[in-house]
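Student:
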Amino acid sequence: MLTLVVRGLPPTATESGLHDLFAAHGKVFNMKVNQDFFTGQMRGFAMIDMEGHEARAAIAALNGRDFLGKTIYVDVDKGVPKGKRGRR
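Start counting the sequence shown at 1; every next residue gets the next number (full-length UniProt numbering).
#1: Which two residues bound the contiguous alpha helix (DSSP H) that contains L21?
#2: With a threshold of 8 Å on Cβ separation, who are the neighbours of G69 within its own chain once the five nearest residues in sequence on each side are excluded?
#3: Where does A60 land, buried or exposed, given buried means 16+ other C-beta within 10 angstroms?
#4: Leaving aside the five residues before and after K27 along the sequence, list all residues of the same chain whose C-beta is less than 8 Å from its C-beta, in chain order.
#5: Using alpha carbons as the reference points, say which of T71, L2 and T12 lies closest to T39.
Shown next as structure tokens:
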């Protein structure tokens, strides 16, 4: 299982539209869409969990593609680097 990070989403995008876009390349296990608390619009990025080979196919097909008038960028989530958390 890989977690994909999708950047560059337009504010008018919907969770169902994003799900349909990625479901064409495989099963979407989980999706976390970040929305503005006050307006309810997309904040420009989302996290999507997919199976490894399906996630790589989605990256190849969707990275740099136009989605609702904006270019989206899809990559594997790298997580938080170890040792770079700052002072306590």
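A virtual CB, placed ideally from N, CA and C, is assigned to each residue, including glycine.
Tutor: Quick look at the numbers:
#1: Looking up residue 21 in the sequence shown gives position 21. Counting along the chain, the alpha helix (DSSP H) containing L21 begins and ends at E15 to A23.
#2: Counting from 1 along the sequence shown, the entry for residue 69 is found at position 69. The residues are P10.
#3: Position 60 of the sequence shown, counted from the first residue, corresponds to residue 60. Classification of A60: exposed, given that the 10 Å Cβ count is below 16.
#4: Locating residue 27 in the sequence shown gives position 27, where the first residue counts as 1. M50, E51 and E54.
#5: Residue 39 sits at position 39 when you count from the first residue of the sequence shown. Checked all of T71, L2 and T12; the closest Cα to T39 is T12.
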